[in-house]
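Undergrad: Using mature numbering (1 follows the signal peptide of the UniProt record, and there is no 0), the letters of the sequence shown correspond one by one to residues -18 to -1, 1 to 389. Dropping a structure here in structure tokens format, bear with me for questions.
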Amino acid sequence: MWGLLVGVLIQAFTLCFASNVRYIIISPQTVRPGMLYNVLTMFMHDELQRAVVYASIVRDDQVLAEGSLDISTNTLSALPLKLAMSILPGSYTLNVEGRNNGMVLFHNSSALSFDPRFLTVVVQTSRPIYRAGQEVRFRVVALHTNLRPFNDGLEVYVLDPDGVIMRRWISAYTNNGVSSLRFKLPKLAKDGYWKIRIKAWNQIEEQVIKVETYFDPLFEVHVILPPYIVETEEVISGSVYGLYTSQRYVDGNGTLMISARRWAKNESFVMLREENIFFKGTPHPVEIPMSLIHSRMGSARDVELRLEVEITELLSRETVKGYSHSRIIPGQLQLRFLSASPATFKPGLPFYGHVAVMYEDKEKVPAEELAKARMRVQVELHLETGQTMRLPDLVAGKDHRNSWDEE
């Protein structure tokens, strides 16, 4: 009778003592293979100074990782738990318990979610579309969730549209997480979407490539226009021509179409001019007067020009199209000091400054324009006495010592 009473009193004292313990547990909600799982724990109590924390990760009543740590009150401590790479999907639970001299201070159980993706895998191919007989070159980049490279072997499979394995690498070597591989498609490769499958332990990633039967065109149409045109130009010069795969120019009839639009407003193209021309085996020069753009668009500023050419080859009667876009930019220059404002200097020491030269839309000034230009910098000093002193002008240009960098 007395023993039962003492046991009840001890249990009541333990519950009362443990009820005064406050604790904080911080841990990730997701577990991954090979993950270093950190459990952050802190407990607060008026009398206790130290405790032992026990933590374990359980899957379907099987302990996968466990550990213990001696912690102090009011101190946030981390208990690391290392998970194996071979863990499988299931019902995961995190159990955390704090004890002191055999007495349980706190206990917490939380459900965890399992994610087999412990790597970020990127597959880069040499091209998006292939045809039979071509060589497929690809690169696999594998990184851990902490962006560190994956330096273990990878299993790589190539599957055709029916899911048949056409090529495989059992353990592809990775150098700092990168593996470069290649394979050649068979001459009678089946058209469709092929898959490059990457397997790292239980994680599987796939990249789709398209294989189809296509033929090279008889010739290609090349349209040459400068990418940017200054609005102060009077004539826009370019050239158009057709070129066989043997690098010989095409003879045939062509149609040249010039259209424009306001690129900032993303409007539809307006036809400016259309003309029929004949290609005699040489490039055909094209000159577009700026007055044509002014007459139809009102102003040439912020205009996107489109030159489209359609060539019909004489013998085969095959028609191929080509086009090029060019943007008209403001012709006025803009100067900007790159140094801090206000700039500081020390008397008797040289002062260095930089001035950026650009167009109004921040585009780079061509090197040939800079070679013909000259920039003059005037320096004035305003003294405390109210007097103004002017230093000799600084001149920058091709024939002067203070030349600018054309980059």
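All C-beta atoms, glycine included, are put in the ideal place defined by N, C-alpha and C.
1. Does the stretch 273 to 283 come within contact of the stretch 310 to 322, defined as at least 3 CB pairs closer than 8 Å?
2. In this structure, does DSSP put His126 in helix, strand or coil?
3. If you draw a straight line from the C-alpha of Lys192 to the C-alpha of Met24, how long is it?
4. CB-CB under 7 Å to Ser250, same chain, minus the five flanking residues each way: which ones, in chain order?
5. What three-state label does DSSP hand Met279 in the structure shown?
6. What number of angstroms, rounded off, separates the C-alpha of Ser323 from the C-alpha of Gln11?
7. If distances are taken between C-alpha atoms only, which option among Tyr5, Val122, Val205 comes closest to Ser221?
8. Please return the same chain residues whose Cβ sits closer than 7 Å to the Cβ of Val78, not counting the five positions on each side in sequence.
9. Could one say the Cβ of Arg255 lies closer than 8 Å to chain B's Cβ atoms, at least one of them?
10. Work out the CA separation of Arg149 and Lys181 for me, nearest whole Å.
11. Give me the Cβ distance between residue 433 and Leu65, rounded to the nearest whole Å; I'm assuming they're in contact under 8 Å.
12. When you compare only the Cα positions, how much space is there between Val377 and Thr156?
13. How big is the Cα-Cα spacing for Asn235 and Thr195?
14. Have a look at residue 393 and Leu289 and give me their C-alpha separation to the nearest angstrom.
15. From the DSSP output, read off the bridge partner residues of Gln185.
16. Any contact between the stretch 138 to 148 and the stretch 172 to 186? By contact I mean 3 or more CB pairs, one from each, below 8 Å.
17. How far does the beta strand (DSSP E) with residue 413 in it extend, from its first residue to its last?
18. From which residue to which residue does the alpha helix (DSSP H) around Ala353 run?
19. Considering only their Cβ atoms, is the gap separating Met26 from Trp183 smaller than 8 Å?
20. Taking 8 Å as the threshold (C-beta atoms), are Leu315 and Val339 in contact?
21. In angstroms with no decimal places, state the Cα-to-Cα distance between Ser95 and Leu70.
22. Please state whether the Cβ-Cβ distance between Ala114 and Ala60 is less than 8 Å.
23. Specify the secondary structure class of Leu239 as computed by DSSP and reduced to three states.
24. Apart from the five residues on each side of it in sequence, which residues of its chain come closer than 7 Å, Cβ to Cβ, to Asp233?
25. Tell me whether Leu22, by its Cβ, gets closer than 7 Å to a heavy atom of the ligand ZN.
26. Which value, in whole angstroms, describes the spacing of the CA atoms of Val268 and Thr214?
27. With a Cβ-Cβ cutoff of 8 Å, do Gln106 and Arg130 count as a contact?
28. The beta strand (DSSP E) spanning Trp151 covers which residue range?
29. Can you tell me the Cα-Cα spacing of Leu363 and Gln369, whole angstroms?
30. Just to confirm, are Lys154 and Leu136 a CB contact at a threshold of 8 Å?
31. May I have the straight-line CA-CA distance separating Ser108 from Gly16, to the nearest angstrom?
32. Inspect the beta-carbon positions of Met253 and Ile218 and report whether they are closer than 8 Å.
33. Below 8 Å between beta carbons: does that hold for Arg99 and Gln44?
34. Could you give the C-beta distance for Ser9 and Arg32, rounded to a whole number, given that I count them as a contact under 8 Å?
35. Measure how close the beta-carbons of Glu117 and Arg41 come, nearest whole angstrom, since I'm counting them as under 8 Å.
TA: Taking the geometry as given:
1. yes
2. strand
3. 55 Å
4. Arg243
5. helix
6. 50 Å
7. Val205
8. Ile7, Val21, Thr23, Val35, Ala37, Asn90
9. Annotation note: the requested chain B is absent from the structure, which comprises a single protein chain.
10. 14 Å
11. Here the chain covers residues -18 to 389 and nothing more, so residue 433 does not appear.
12. 56 Å
13. Cα to Cα, Asn235 sits roughly 29 Å from Thr195.
14. With the chain running from -18 to 389 in the structure shown, residue 393 is simply not present.
15. Ala182
16. The stretch 138 to 148 vs the stretch 172 to 186: in contact.
17. Since the first residue shown for the chain is -18 and the last is 389, residue 413 is missing from the structure and cannot be characterised.
18. 349 to 354
19. No Cβ-Cβ contact shorter than 8 Å links Trp183 with Met26.
20. yes
21. 12 Å
22. no
23. It is Met, not Leu, that sits at residue 239 in the sequence shown. Strand at Met239.
24. Within the same chain, Asp233 has close Cβ partners Phe261, Lys262, Gly263, Leu296.
25. Within the structure as shown, the ligand ZN is missing, as the structure has no ligands at all.
26. 18 Å
27. no
28. 147 to 154
29. 8 Å
30. The sequence given here has Ala at residue 154, not Lys. Cβ atoms of Ala154 and Leu136: closer than 8 Å.
31. 32 Å
32. no
33. Cβ distance not < 8 Å, so Arg99 and Gln44 don't count as in contact.
34. Actually they do not touch by this definition, with Cβ atoms about 21 Å apart.
35. Incorrect: roughly 45 Å between the Cβ atoms, too far for contact.
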